[in-house]
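Student:
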Amino acid sequence: MADFLKGLPSHDENNFTKYHTDASCKSSIRKPTVYISTKDYPSEQVITTEKTNILLRYLHQQWDKKNSNKKRDSSKASLDTSTETSSKMPRLGDDDAS
């Protein structure tokens, strides 16, 4: 061990007393993590990332779920009143325009 430490610029040789060259060190033998798919997807499928923030997307989804019932109720109410008085004007055809 002393021959290994001779060329190093250290004043205290005790700094390297805990250094062991065991082959049982698992940090150098670790295998990389690999994803194995369990489903077969078509090769034409293109995977893209969404540009919106995941939190904003979640909040928009929750807001849409919460307000979807209100939108349906208001649209039913507007359908009942719109049959009596229509505020829309019929579109003029090409021959009607002058």
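Numbering (numbering that gives the first Met the number 0), first residue to last: 0 to 97.
The beta carbon of each residue, even a glycine, is placed where N, CA and C say it ideally should be.
For leucine 55, name the three-state secondary structure that DSSP assigns.
Tutor: helix
Student: Counting only the same chain and skipping the five closest in sequence on each side, list residues whose C-beta sits under 7 Å from that of threonine 47.
Tutor: none
Student: Please classify serine 86: does DSSP put it in a helix, a strand, or coil?
Tutor: Coil, per DSSP.
Student: Taking CB distances under 9 Å as the criterion, tell me whether arginine 56 reaches chain D.
Tutor: The structure shown contains no chain D; it is built from a single protein chain.
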